[in-house]
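In what follows, a structure is listed as structure tokens, so that the remarks can point back to it.
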């Protein structure tokens, strides 16, 4: 069915968080942490807007809206609303509402809380733009924006080195993957001629038939795997836990890391169901699932345990998407929904515990259930869903995905075994997260633990209860959310019938029982398991996290070697090379194609014109015979003024005027530089050096003169000057053609040039400052120098 | 450099030069001149004033840091180009407002604002370079 065109409200819904990002710091200044309440209205309204799409989308409709952005390149800001994007948009805005509230409580009293809200909103807008993106290029821009906002949020606590490292690591990995994705998109556009996702999805075989399938497949996977932290790119995600907990709950479990899974699901009709797809994805996904869960068991930090299970869950989702089996895909969609709810809730619980008890190391926590009853209930509900126990959405997801993997003919058995092991380890973590901090004897914690404020527990409670409600109304969930999303993946719209409890005893039920049994057995042995994994990791001794550091230091040392080779630091060498190559560039091609100009006839100058030429030549001779450098600089100015006079006489007053000023200022500035650099007043070059520079100077001068002569001997094409002469007065209301060209006809060039002038000014200023006073005070507060300087001098 | 004659004379000279630079800037659209050349003249005025009376007095006289002036120039230059968006025309399409005041035709336009931007960029950047180079002499 072709998508229907809707009005621009949805476009504004995507942009609304960016507006909120501007307002947030102001509101935070006024209302302190209570600004979270009005701010949370923004995602709540966006949620309501997208909730309006649930009914039509569940009937199989889809929608597009677009605004032209750079139409000459086919780039539009356009959205595509179907089952998959509606589900994601609802998750982003719905969970986002509670994250904003949670951030209000979590960072209460933090001096940078306004900035934090701002970053969160920017991320929210970027993520909405990503999942709704229809135009591939604007989709890519939002994709990279999520990486950049994630960088800002991970590095929020930028005074700590660990935060900065984690932020840079996440940016390098996900940003690098983003570039691969861009290359993939460009190949898609080149291969198909289509730039809108909705038209691409209209003819699903277009890429598979194009002959560029393999490179597109690899590049898109490069983007998706780095973003969704698939092994061996998984290392950045646990490190990203350096971010404040609202960020971990929102970006690094519920939404952003799912962008890669989203991309795979979105691309499934176009790239999926090939041998390559059903081999590579299950392989990487399966390895990620097992590695992620094993690494999670080893941790004792609540957030890190959850982070590694997120890696594992993403692996599970990729593995299921990789099967291209309808039932397994259904399991993937259900698990995606379940995971966002329980993981978001559990992260917020971990943050609350950290906030109220002062630690999140499970070996130092215990007996908190009476002190934090509400958080405790939320944690239990979410953990039961994560463990895959009835009557929670996690259970239904697990049943369906087992049904899918068991029924998948190609590689069903190994995939099922991987899924069972992964899920039982997931149960172990869920039990550890929910049981360890809350049950048992009360342990003395760094802070006196008590229940957090409503801002802190609203999110976990609502999300974990939703995990129960969606399961109890399983049929409606299936019809409204899972069915339409599945239709986006398979391209076929089918009615879906979900049940809370299995109707008969079948393979999935037995697999579930095995999972639960295995999980409980492993949980009782968790300490042994942890020690075992730790010793194995010790034996390996190297991981991609360490590899990242080696990669970075390798890049730094190679580039410093290269820089030292290219940048000798000697001005003379730079100048000699620059002018030497200029001479070669003008003389050699002219010699090769024999385009030297004919000897011009002697012009018929008047006596005063000869006089000015003589002054110029005298100035040059003075430069050559000058005893001191300062004299040479001033003498060079004589030649410059003579040239300015020549411009004046031949009818170019503007040029001449400018030449006068430039000459004056360059002599003044050069003289000032001379005094600053403490150069010896005389030139100390040896004779061979002087000869070499002399030869280069003459060669450049000769080359440029010959080029100019050759150009003037060409027939003159006057179309441009005719145009400017004709229209300067009538269109641009100006009689000075030079100025009209500068500020009107070619104003855009001038804009670029003045930007260069500003930058050059800044650079020169920085260079001079470096040499003035390298004491620590100035280095610490560079912005203060300019203010303090005049007073000092006075 | 700092003779009494030069020190007495320089402020007046600089003031005249700045005045002249503004004149050159404003006549630029019809007669030789314009923002770039005007900016260069004003920058030399600042340089002369600095050599004669010390950089501190120049900095006091222009109030803002020269690079801020430069940055502001770039800002209004770019902003002038966006005014055409209100008429749904492409970036930097010139807009004109021509009216008569006291019997004289006055033409206000976005290229004029842009040219003022160019002027400020050049004054700021070149002035900043010259002033910071002069600063050492007074230390």
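Chains as they are written, first to last, in the numbering used here: chain A, 1 to 794; chain B, 1001 to 1139.
Note that beta-carbon positions come from the ideal geometry of N, C-alpha and C, so glycine has one too.
Only a predicted model underlies this, so the values are computations on that prediction, with no experimental measurement involved.
Give me the Cβ distance between residue i and residue j, rounded to the nearest whole Å; I'm assuming they're in contact under 8 Å.
{"i": "residue 62(A)", "j": "residue 81(A)", "result": "6 Å"}
{"i": "residue 1010(B)", "j": "residue 1048(B)", "result": "6 Å"}
{"i": "residue 289(A)", "j": "residue 316(A)", "result": "5 Å"}
{"i": "residue 460(A)", "j": "residue 338(A)", "result": "In fact, because the Cβ distance is near 15 Å, the residues do not count as touching under 8 Å."}
{"i": "residue 1105(B)", "j": "residue 736(A)", "result": "About 17 Å separates the two Cβ atoms, so there is no contact after all."}
{"i": "residue 318(A)", "j": "residue 230(A)", "result": "6 Å"}
{"i": "residue 219(A)", "j": "residue 181(A)", "result": "7 Å"}
Given residue i, which residues of its chain have a CB within under 7 Å of its CB, disregarding the five upstream and five downstream residues?
{"i": "residue 772(A)", "result": "Only weak support exists for where residue 772(A) lies, its pLDDT of 49 falling under 50; the value from the coordinates is given anyway. Counting only Cβ-Cβ distances below 7 Å, and skipping sequence neighbours, we find nothing."}
{"i": "residue 301(A)", "result": "360 and 361"}
{"i": "residue 787(A)", "result": "For residue 787(A), the pLDDT reaches just 39, beneath the cut-off of 50, and the residue's location in the model is therefore unreliable, although a value from the coordinates is still provided. Correct list: empty, nothing qualifies."}
{"i": "residue 396(A)", "result": "334, 471, 474, 498 and 500"}
{"i": "residue 41(A)", "result": "none"}
{"i": "residue 136(A)", "result": "185, 188, 189, 195 and 197"}
{"i": "residue 98(A)", "result": "458, 459, 462 and 463"}
{"i": "residue 1107(B)", "result": "1096 and 1098"}
{"i": "residue 584(A)", "result": "none"}
Taking the alpha helix (DSSP H) that residue i belongs to, which residues open and close that run?
{"i": "residue 106(A)", "result": "83-106"}
{"i": "residue 37(A)", "result": "36-51"}
{"i": "residue 525(A)", "result": "Here residue 525(A) belongs to no alpha helix (DSSP H), and DSSP marks it neither H nor E."}
{"i": "residue 743(A)", "result": "No alpha helix (DSSP H) holds residue 743(A); DSSP gives it neither H nor E."}
{"i": "residue 1065(B)", "result": "First-last for residue 1065(B): undefined, no H or E at that position."}
{"i": "residue 217(A)", "result": "213-227"}
{"i": "residue 544(A)", "result": "544-566"}
{"i": "residue 355(A)", "result": "326-357"}
{"i": "residue 239(A)", "result": "236-239"}
{"i": "residue 404(A)", "result": "393-407"}
{"i": "residue 506(A)", "result": "No alpha helix (DSSP H) contains residue 506(A), which DSSP labels as neither H nor E."}
{"i": "residue 670(A)", "result": "653-677"}
{"i": "residue 423(A)", "result": "412-435"}
{"i": "residue 584(A)", "result": "571-592"}
{"i": "residue 12(A)", "result": "9-31"}
{"i": "residue 705(A)", "result": "687-712"}
{"i": "residue 370(A)", "result": "Neither: residue 370(A) is in no alpha helix (DSSP H) and is coded neither H nor E."}
Going by DSSP, which residues form a beta bridge with residue i?
{"i": "residue 1096(B)", "result": "1109(B)"}
{"i": "residue 682(A)", "result": "628(A)"}
{"i": "residue 135(A)", "result": "196(A)"}
{"i": "residue 80(A)", "result": "64(A)"}
{"i": "residue 821(A)", "result": "Nothing about residue 821(A) can be reported from this structure: the residues present for chain A run from 1 to 794 only."}
{"i": "residue 1104(B)", "result": "1101(B)"}
{"i": "residue 4(A)", "result": "63(A)"}
{"i": "residue 301(A)", "result": "361(A)"}
Once you ignore the five residues that flank residue i on each side, which residues in its own chain have a CB closer than 6 Å to its CB?
{"i": "residue 1119(B)", "result": "1025, 1035, 1038 and 1039"}
{"i": "residue 1042(B)", "result": "1018, 1021 and 1123"}
{"i": "residue 145(A)", "result": "126"}
{"i": "residue 1080(B)", "result": "1110, 1113 and 1114"}
{"i": "residue 299(A)", "result": "305"}
{"i": "residue 431(A)", "result": "523"}
{"i": "residue 1077(B)", "result": "1114 and 1117"}
{"i": "residue 263(A)", "result": "224"}
{"i": "residue 53(A)", "result": "81 and 86"}
So, for residue i: in the same chain, excluding its five sequence neighbours on each side, which residues have a beta-carbon less than 8 Å away from its beta-carbon?
{"i": "residue 8(A)", "result": "65 and 67"}
{"i": "residue 794(A)", "result": "In this predicted model, residue 794(A) has a pLDDT of only 31, less than 50, meaning its place in the structure is not dependable; the value taken from the coordinates is given anyway. Excluding sequence neighbours, residue 794(A) sits near nothing in its chain."}
{"i": "residue 774(A)", "result": "The predicted model places residue 774(A) with a pLDDT of 48, which falls under 50 and marks its position as unreliable; any figure quoted below should be read in that light. For residue 774(A), where only same-chain residues beyond five positions count, there are no Cβ hits under 8 Å."}
Got a sec: does the ligand MG put a non-hydrogen atom nearer than 7 Å to the Cβ of residue i?
{"i": "residue 230(A)", "result": "Looking for the ligand MG in the displayed structure turns up nothing, as the structure carries no ligands at all."}
### Task
With 9 Å as the limit, tell me which residues of the stretch 713-726 of chain A have their beta carbon closer than that to any beta carbon of chain B; keep them in chain order.
Cβ contacts with chain B: none found.
### Message
So if I threshold CB-CB distances at 9 Å, which residues from the stretch 739-751 of chain A count as touching chain B?
### Response
Using a CB distance below 9 Å, the part of the stretch 739-751 of chain A facing chain B consists of 739, 740, 742, 743, 744, 747, 748, 750 and 751, ordered along the chain.
### Task
Using a Cβ-Cβ cut-off of less than 9 Å, give me the residues of the stretch 1012-1034 of chain B that come near chain A, in sequence order.
Taking 9 Å as the Cβ-Cβ cut-off, the stretch 1012-1034 of chain B approaches chain A at 1024, 1027, 1028, 1029, 1030, 1031, 1032, 1033 and 1034, given in chain order.
### Task
Identify each residue in the stretch 665-690 of chain A for which the Cβ-Cβ distance to at least one residue of chain B is less than 8 Å, and report them in chain order.
Closer than 8 Å at the C-beta level to chain B, one finds these residues of the stretch 665-690 of chain A: 665, 668, 669, 672, 673, 675 and 676.
### Task
Would you list, in chain order, the members of the stretch 641-658 of chain A that have their beta-carbon closer than 8 Å to a beta-carbon of chain B?
Along the stretch 641-658 of chain A, going in chain order, the ones with a CB nearer than 8 Å to a CB of chain B are 653, 654, 657 and 658.
### Query
Using a Cβ cut-off of 8 Å, which residues of the stretch 1078-1094 of chain B contact any Cβ in chain C, in chain order?
Included in the structure are the protein chains A and B, with no chain C among them.
### Task
Using a Cβ-Cβ cut-off of less than 8 Å, list which residues of the stretch 755-770 of chain A approach chain B; keep chain order.
Within the stretch 755-770 of chain A, the residues whose Cβ lies closer than 8 Å to some Cβ of chain B are 755, 757, 758, 760, 761, 762, 764, 765, 768 and 769, listed in chain order.
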